[in-house]
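Residue numbers (our numbering), protein chains in the order written: chain R, 8 to 131; chain W, 17 to 371.
C-beta atoms are modelled at their ideal positions from N, C-alpha and C, and glycine is treated no differently.
Since the model is a prediction, treat every value here as computed from it, not as a measurement.
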Amino acid sequence: MISSVIPIVIGSVLCLWWALAVVTTGLAVRPGRLVDRWDAVSRVASLAFVMALCLVVVTWTLVPVALWYLLTVLTAAVVAAVVLRAVDLPTRGEDSAAPTRRASAIGNTALAIAVAAGLLLVLP
Amino acid sequence: MRTRTIVAACLAALLVIAVGVAVAPRVPTLSTAETGDPDLLDRARDLYSDGPRDLLGVVEIDGGTTSAAHFGGDGDTDYEIGSISKVMTALLLADAIERGEVTEETSLGELLDLGDAPAEDVVLVELASHRSGLPRLASRPQDVILTATAANLGRDPYRVDVPTLLDQARAARLTDRGEPRYSNLGFALLGQALAEAAGTDYATLLRERVLDPIGMDDTYLPVDGTELPADATLGHTDRGRTAAPWLAMAYAPAGGVRSTTADMERFARALLDGTAPGMAALEPRWADGEDRVGYAWVVTDVEGTEVTWHNGGTGGFVSMLALDREADRAVVVLSNTTTDVEGEAVRLLTGKDWA
């Protein structure tokens, strides 16, 4: 009994993190929130990362798999919204935080790609 | 322009959904392809229908009568039996003592090159009874990282050769020696030491001294992937994915054996009638909490019934072998998911709840 509590808690926290990432990205799609396309890329990459993390770490025999599908659909909707919004954004903002955002986007994207590639290589 | 953007957004969404569905966790349910004894099927279904299950095989021995129930597969379906391998290694120890190849007090250092490591003077009986003080798993940082990573990703955490196992043993520290401390590392070393004493490798030793005499022809130890048949049963991890098979490399004595319910029936029957080699291994001699242990075997009092048992678990399989030696009864349960089977097996054996 006790041994299954910890994975349930960990799984719940990770799914909550994924849900929060979806919500915050969804809110960022509103006008004036996303600054440039690098910002959009960064948020999508973050979503991909947390999605991969949930796939690997969550004990899905204890956490309902329906949650996976629900969050996947919500993620897809948010990604579509980001794509729709991104066309109206400048490639690169001109404010002082633009270089940081760009670095963050590159970092997040690299991390997401590394995780996805790693999973493809090592998952049985 | 707007249409192209909408199409791009739809494609992006579809891509996410396609990837999400393709890699989605799969949580199987107990197979409905049932064969075997109708009464045992009914009783086993009642006990095992909950939780993630897939293939499940049950054997019940009652004196001269044997019943089997299969939820998917049949008596020849192979399963990883995990730590039930340890009781086979335990039989090998008792048998080797009877042959005069080793004694209980033979030290690891007499059989394996461990230099002046703390494990060098650990004796075989300490390994067999989990009182050596060796850690459960190898404790070098690289081993801890590799084991944890492999376990989380559904891969075999024990893919090390014998020289690496010896390196792990040389680096191991002993903690609370003399006290019960379950150790896979210890049992791996025990099996390799017995093989060394017999002048062969572990797989050959087990084949010649336990499997062949009992007639367990479909039980095997796949040292590498090429020795796994194409139709080898795959397990399911608790993460909802297919588990990589655990191979029988240096840790085979602790958990590398694959077997079938038909072979495990032969094994259980040989244990009940005392024809298995190394039967002294079953005799409980040390206290471990409320249980008593022999060489690997655990003896538990279940509401007045003495149950001699060992369970097993790998990345995608669980198993249980439980004996009521006094009543000449045994139950074997093999499954290709990681959902526990032990308590239900004891209930089938004794009709009583196992705390």
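| Check | Outcome |
| --- | --- |
| Alpha carbon of W:G207 to alpha carbon of W:E358, nearest angstrom | 25 Å |
| Chain R contacts from the stretch 28-54 of chain W (Cβ-Cβ distance under 7 Å) | A28, A29, V32, I33, G36, V39, A40, P41, V43 |
| DSSP bridge partner residues for W:S83 (one or two, in chain order) | W:E76 |
| contact_flag[the stretch 267-283 of chain W, the stretch 97-105 of chain W] where n(CB pairs < 8 Å) is 3 or more | yes |
| Simplified DSSP assignment, three categories, for W:W370 | coil |
| At least 3 beta-carbon pairs within less than 8 Å: the stretch 339-354 of chain W vs the stretch 78-89 of chain W | yes |
| Chain-ordered residues of the stretch 83-96 of chain R with a beta carbon less than 7 Å from chain W | A83, A84, V86, A87, V90, L91, V94 |
| W:T355, DSSP secondary structure in three states | coil |
| Beta-carbon proximity check, W:L71 vs W:T249, cutoff 8 Å | yes |
| Short-range partners of chain R found in the stretch 162-188 of chain W, where Cβ spacing is below 7 Å | N168, L169, G170, R171 |
| Check whether W:R152 and W:Y218 have beta carbons under 8 Å apart | no |
| W:D58 versus W:P44, W:V43, W:V74, residue with shortest Cα-Cα distance | W:V74 |
| The stretch 55-73 of chain R in contact with the stretch 39-55 of chain W per 3-pair CB rule at 8 Å | yes |
| Cα-Cα separation, W:H326 to W:T242 | 29 Å |
| Beta-carbon spacing of W:L194, W:R147 below 8 Å | The residue you asked about is not Leu; residue 194 of chain W is Gly in the sequence shown. Yes. Within cutoff. |
| W:E285, enclosing alpha helix (DSSP H) - first and last residue | The sequence as given places Arg at residue 285 of chain W; Glu does not occur at that position. Looking at the DSSP string, the run of the alpha helix (DSSP H) that includes W:R285 is 277-289. |
| Sub-8 Å separation of W:L205 and W:L124 beta-carbons | yes |
| Length of the line joining the Cα atoms of R:L78 and W:F333 | 29 Å |
| Separation of R:V30 from W:P269, as counted between CA atoms | 50 Å |
| Any non-hydrogen atom of the ligand GTP within 7 Å of R:V65 CB | This structure simply doesn't include the ligand GTP, nor any ligand for that matter. |
| Span separating the alpha-carbon of W:G131 from that of W:V138 | 13 Å |
| Run of the beta strand (DSSP E) containing W:G36, from where it starts to where it stops | No beta strand (DSSP E) contains W:G36, which is instead part of the alpha helix (DSSP H) from 18-38. |
| Under 8 Å (Cβ pairs) to chain R, residues found in the stretch 57-90 of chain W | G67, P68 |
| Any chain R beta carbon closer than 8 Å to W:A278 | no |
| W:L4 - partner residues in DSSP beta bridges | Absent from the model: residue 4 of chain W. The displayed extent of chain W is 17 to 371, so no value can be given. |
| Contacts around R:S11, its chain only, beta-carbon distance under 7 Å, and the 5 residues preceding and following it disregarded | L69 |
| Residue range of the unbroken beta strand (DSSP E) whose run includes W:W302 | 302-304 |
| Whole-angstrom distance between W:A296 and W:E114, CA atom to CA atom | 9 Å |
| CB contact check: W:A266 to chain R, cutoff 8 Å | no |
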